[in-house]
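Peer 1: Which chain is which? The protein sequence lines are Z and L, in order.
No gaps in the numbering here: position 68 of the first sequence is 365 in our numbering, and each next residue is one more.
No gaps in the numbering here: position 68 of the second sequence is 365 in our numbering, and each next residue is one more.
Every residue gets a Cβ at the ideal spot worked out from N, C-alpha and C, and that includes glycine.
Model, not experiment: these values are computed from the prediction.
Sharing a structure below in structure tokens format, with a few things to ask.
Number of protein chains: 2
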Amino acid sequence: MITDLEGFASRDHGLAMDSEQQPTFRPSRDGFRWDGVAHQPYKQDGGAPFKDVSRQVLFHEDGLACELRYFEVDGGGYSTLERHQHAHAVMVIRGHGECLVGGEIRSVKPLDLVSIASWTWHQFRASEHEPLGFLCMVNIARDRPQLPTEQEMAQLKALPGVGRFLEKHERKARRSALSV
Amino acid sequence: MITDLEGFASRDHGLAMDSEQQPTFRPSRDGFRWDGVAHQPYKQDGGAPFKDVSRQVLFHEDGLACELRYFEVDGGGYSTLERHQHAHAVMVIRGHGECLVGGEIRSVKPLDLVSIASWTWHQFRASEHEPLGFLCMVNIARDRPQLPTEQEMAQLKALPGVGRFLEKHERKARRSALSV
């Protein structure tokens, strides 16, 4: 079940990944972009379980067993609620938001650390008017994420605070669908 | 030759490393410190090939093949000039400075990325009056760093700009020795 796929948004659009040695120096540009790093927005569709997420792979190199990626969730957006065997090590570096890990929801701010253990449900949600950006270190060899079944979703929603957190997304999605 | 030791400052003072699961949430505190993360200053002595460096291991966890560490070099300080088989993936997150990688010297600023390939000489140097802080991702299983021999140091100093970069440290060390 080990693949070399994916993380928070559960979609890989087949963009080529350079596994050669990166240039030694890659300066940052304004707006959390980098020279020589592809910006990969996740394509939205009606059934997408995420909203307004992009990914930039900062380090994926020969001789390193992990990748370092930068994910950004636009204001009001959220990553996929998912879990998997592999672990995530996350450091927030832009903006504010909330994250759900297991049954717990916490506010996050720049430089906060979040450890997502094996098989733990997790989701990141940006504050309403500001992007939430975070680094995520992950093994290069890893399994694909699982989405919650209806029963698992019901169990999660029964936890204190989690129902409100998840239903906020659903209400927003409905409003958005009505306004089209 | 694989050990689980060390990076930029070539000294490990045997501080216990927790390989158990970290707490899920570890908020940042002021001044680039974190709840639940030990601050590990490198002890200086007369022959130390580094100056004013500290390390904080942010992520070292079951199931992740890499560690993420935060190194900070005080204003005017520098890390050890060294090389090793293992690769480093670096992102600057505080202050400004210069870094030498191979024969090249570059100024660095927050969010800049630096890839240090296998067996490449490298050294980080903070600007005069401001700390330089950077994240460094590295395999947990890795070899010990090598210091340059006299001959290798002479070869490095012969490269354009490198002599000035390295001799600046030596002049400073002499001034500091004289002032004691």
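Any idea if H336 of chain L is buried or exposed, counting beta-carbon neighbours within 10 angstroms, 16 or more meaning buried?
Peer 2: Taking the first residue of the second sequence as 1, we reach residue 336 of chain L at position 39. Result: exposed.
Peer 1: Let me know if K406 of chain L comes out buried or exposed under the rule of 16 or more other beta-carbons within 10 Å of its beta-carbon.
Peer 2: As a position in the second sequence, residue 406 of chain L is number 109, starting the count at 1. Exposed, since its Cβ has fewer than 16 Cβ neighbours within 10 Å.
Peer 1: Just to confirm before moving on: does the CB-CB distance between E358 of chain Z and L444 of chain Z stay below 7 Å?
Peer 2: Stepping through the first sequence from its first residue, residue 358 of chain Z is reached at position 61. Stepping through the first sequence from its first residue, residue 444 of chain Z is reached at position 147. Not a contact, by the Cβ cut-off of 7 Å.
Peer 1: Quick check on this structure: which residue in L:Q448, L:W416, L:L463, L:Q341 has the alpha carbon closest to the alpha carbon of D440 of chain L?
Peer 2: What you label residue 440 of chain L is simply residue 143 of the second sequence in a count that begins at 1. The alpha carbon of D440 of chain L has as its nearest neighbour, out of L:Q448, L:W416, L:L463, L:Q341, the alpha carbon of L:W416.
Peer 1: Reducing DSSP to helix, strand and coil, say where L463 of chain Z ends up.
Peer 2: Numbered from 1 along the first sequence, position 166 holds the residue referred to as residue 463 of chain Z. Helix, per DSSP.
Peer 1: Out of Z:F322, Z:V411, Z:V350, point me to the one whose CA is closest to V334 of chain Z's CA.
Peer 2: Within the first sequence, numbered from 1, the residue matching residue 334 of chain Z stands at position 37. Ranking the options by Cα distance to V334 of chain Z, first place goes to Z:F322.
Peer 1: Relative to the alpha-carbon of K245 of chain Z, which residue among Z:G373, Z:V435, Z:I390 has its alpha-carbon at the smallest distance?
Peer 2: Nothing can be reported for residue 245 of chain Z, as the shown portion of chain Z is limited to 298 through 477.
Peer 1: Quick one, which residues of the stretch 405-422 of chain Z are near chain L if we go by CB-CB under 9 Å, in chain order?
Peer 2: V405, K406, P407, L408, D409, L410, V411, S412, I413, A414, S415, T417
Peer 1: Apart from the five residues on each side of it in sequence, which residues of its chain come closer than 8 Å, Cβ to Cβ, to Q382 of chain Z?
Peer 2: Translated into the one-based positions of the first sequence, residue 382 of chain Z becomes position 85. Same-chain partners within the cutoff: M298, S415, W416, R439, D440.
Peer 1: Buried or exposed for A313 of chain L, going by 16 or more other Cβ atoms inside 10 Å?
Peer 2: The residue you call residue 313 of chain L lines up with position 16 of the second sequence. Here the model assigns A313 of chain L a pLDDT of 41, short of 50, so the residue's position is not dependable, and the following value carries that caveat. Classification of A313 of chain L: exposed, given that the 10 Å Cβ count is below 16.
Peer 1: Can a CB atom of chain Z be found closer than 7 Å to the CB of L463 of chain L?
Peer 2: Counted from its first residue, the second sequence places residue 463 of chain L at position 166. It does not: the Cβ of L463 of chain L has no partner Cβ on chain Z nearer than 7 Å.
Peer 1: Of the residues that make up the stretch 316-329 of chain L, which ones have a beta carbon closer than 9 Å to any beta carbon in chain Z?
Peer 2: Q318, Q319, P320, T321, F322, R323, P324, S325, R326, F329
Peer 1: With 16 as the cutoff for other CB atoms within 10 Å, does Q391 of chain L come out buried or exposed?
Peer 2: For this step, residue 391 of chain L is matched to residue 94 along the second sequence. According to the sequence provided, residue 391 of chain L is Arg. The question's Gln does not apply to it. Buried, by the Cβ-count rule.
Peer 1: K454 of chain L to G400 of chain L, Cα distance in whole Å?
Peer 2: By one-based count along the second sequence, residue 454 of chain L stands at place 157. By one-based count along the second sequence, residue 400 of chain L stands at place 103. Approximately 9 Å, taken between the alpha carbons.
Peer 1: Going by beta carbon distance, what residues of the same chain come within less than 6 Å of D409 of chain L, once the five residues before and after it are set aside?
Peer 2: Numbered from 1 along the second sequence, position 112 holds the residue referred to as residue 409 of chain L. Around D409 of chain L: V389.
Peer 1: For a cutoff of 7 Å on Cβ pairs, would you count T300 of chain Z as touching chain L?
Peer 2: Reading the first sequence from its first residue, position 3 is the one you call residue 300 of chain Z. Interpretation of T300 of chain Z is limited by its pLDDT of 37, a score under 50 that renders its predicted location unreliable; the figure taken from the coordinates is listed afterwards. So, not an interface residue.
Peer 1: Taking just the CA atoms, how far does V459 of chain L sit from R403 of chain Z?
Peer 2: Taking the first residue of the first sequence as position 1, residue 403 of chain Z is located at position 106. Taking the first residue of the second sequence as position 1, residue 459 of chain L is located at position 162. So the alpha carbons of these two residues sit roughly 47 Å apart.
Peer 1: In this structure, how does DSSP classify Q452 of chain Z when only helix, strand and coil are distinguished?
Peer 2: Position 155 of the first sequence, counted from the first residue, corresponds to residue 452 of chain Z. Q452 of chain Z: helix per DSSP, three-state reduction.
Peer 1: Thinking just about the alpha-carbon of each residue, which of Z:V354, Z:R461, Z:R326 is nearest to the one in P338 of chain Z?
Peer 2: To locate residue 338 of chain Z, count along the first sequence from 1; it is residue 41. That would be Z:V354, whose Cα lies nearest to the Cα of P338 of chain Z.
Peer 1: Answer with buried or exposed for P428 of chain Z, where buried requires no fewer than 16 other C-beta atoms within 10 angstroms of its C-beta.
Peer 2: What you label residue 428 of chain Z is simply residue 131 of the first sequence in a count that begins at 1. Label assigned to P428 of chain Z: buried.
Peer 1: Going straight from the alpha carbon of L289 of chain Z to that of H419 of chain L, what length do you get?
Peer 2: Nothing in the structure corresponds to residue 289 of chain Z, since chain Z is present only between 298 and 477.
Peer 1: Tell whether a beta-carbon distance below 7 Å holds between E369 of chain L and I437 of chain L.
Peer 2: To locate residue 369 of chain L, count along the second sequence from 1; it is residue 72. To locate residue 437 of chain L, count along the second sequence from 1; it is residue 140. No, they are not a contact pair.
Peer 1: Just verifying my parser: in three-state terms, what is the DSSP assignment at G372 of chain Z?
Peer 2: Residue mapping note: residue 372 of chain Z aligns to position 75 of the first sequence, counting from 1. Of the three classes helix, strand and coil, the one that applies to G372 of chain Z here is strand, per DSSP.
Peer 1: Helix, strand or coil, according to DSSP, for E447 of chain L in the structure here?
Peer 2: On the second sequence, position 150 is the one that residue 447 of chain L refers to. Three-state DSSP puts E447 of chain L in a helix.
Peer 1: State the DSSP-derived secondary structure class of S325 of chain L, mapped to helix, strand or coil.
Peer 2: In the second sequence, residue 325 of chain L corresponds to position 28, counting from 1. In this structure, S325 of chain L counts as strand in the three-state DSSP scheme.
Peer 1: May I ask you to report which of helix, strand or coil DSSP gives P338 of chain L?
Peer 2: Reading the second sequence from its first residue, position 41 is the one you call residue 338 of chain L. Correct three-state label for P338 of chain L: strand.
Peer 1: Where DSSP assigns a beta bridge to F492 of chain Z, which residues make up the other side?
Peer 2: With chain Z covering only 298 through 477, there is no way to say anything about residue 492 of chain Z.
Peer 1: Let me know the secondary structure DSSP gives R272 of chain L once reduced to three states.
Peer 2: This structure does not reach residue 272 of chain L, given that chain L is present from 298 up to 477, and the question cannot be answered.
Peer 1: Rounded to whole angstroms, what is the Cα-Cα separation between Q448 of chain L and L456 of chain L?
Peer 2: Taking the second sequence and counting its residues from 1, one reaches residue 448 of chain L at position 151. Taking the second sequence and counting its residues from 1, one reaches residue 456 of chain L at position 159. Near 13 Å, if we compare the C-alpha coordinates of L456 of chain L and Q448 of chain L.
Peer 1: Show which residues of chain Z have a CB atom less than 9 Å away from the CB atom of A362 of chain L.
Peer 2: By 1-based counting over the second sequence, the position of residue 362 of chain L is 65. Going along chain Z in sequence order, the residues near A362 of chain L (Cβ under 9 Å) are L361, A362, C363, N436, I437, A438.
Peer 1: Could you name the residues of the same chain whose beta carbon sits closer than 8 Å to that of V435 of chain Z, not counting the 5 residues immediately before and after it, in chain order?
Peer 2: The residue you call residue 435 of chain Z lines up with position 138 of the first sequence. Contacts found: G304, C363, E364, R366, H383, A384, H385, A386.
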